[in-house]
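Undergrad:
In the numbering used here, the protein residues as written are 499 to 697.
1) Considering only the alpha carbon of each residue, which of 691, 668, 524, 642 lies closest to residue 600?
2) Between the alpha carbons of residue 640 and residue 596, how many angstroms are there, rounded?
3) What residue from 684, 554, 571 has the CA that sits closest to residue 529's CA?
4) Helix, strand or coil for residue 527 per DSSP?
5) Considering Cα atoms alone, identify which of 650, 680, 683 is closest to residue 589.
6) Tell me the rounded alpha-carbon separation between residue 603 and residue 521.
7) For residue 535, which of helix, strand or coil comes out of DSSP?
8) Compute the beta-carbon to beta-carbon distance between residue 610 and residue 688, rounded to the nearest angstrom, for a pair I have assumed lies under 8 Å.
9) Please state if the CB of residue 539 and the CB of residue 519 are separated by a distance shorter than 8 Å.
10) By DSSP's criteria, residue 569 is part of a beta bridge. Which residues make up the other side?
11) First and last residue of the beta strand (DSSP E) that includes residue 618?
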């Protein structure tokens, strides 16, 4: 019991305040697999911008960069579900790749991965008494991975999606139109990817 209290205090000191708005700002129960295939279980907190994962194991905080991570999984209480992340090589310039963190959204012959970021934006207020205000919002960038492990960035434009999935674009157009799907919305894009893999 004493050890659990110590872990809770340690986690609290790193999250700052309780009940944060975004999942990346809190610790989650889970496990991490290193490139050496060592498995470490504990409370994890991920940072996609910094490409690092903090993990509290037996009361000690450890930090792993994406270069040392193979895979990690968390149970995210904010969505009441398990989430899976991989460290994959990504081309940042011509002929140069580095491992960075991606979340697996859909797995198949053609998989969907995402990266998330928290952005700050100014919103105009319609009230005469209050001016513009600032808020934070979670955004996603999308990546498709084919069965050969080749990764393609997707900007969220419909024409680009049809180019990426050109071998089945005719069926995709009908499917997207019938169900009124938005190709830049994560849940709809998961449905589109699943449909693409099914035909």
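Backbone N, C-alpha and C define an ideal beta-carbon position, used for all residues, glycine too.
TA: This is what the structure gives:
1) 642
2) 17 Å
3) 571
4) strand
5) 650
6) 16 Å
7) coil
8) 6 Å
9) no
10) 531, 584
11) 609-621
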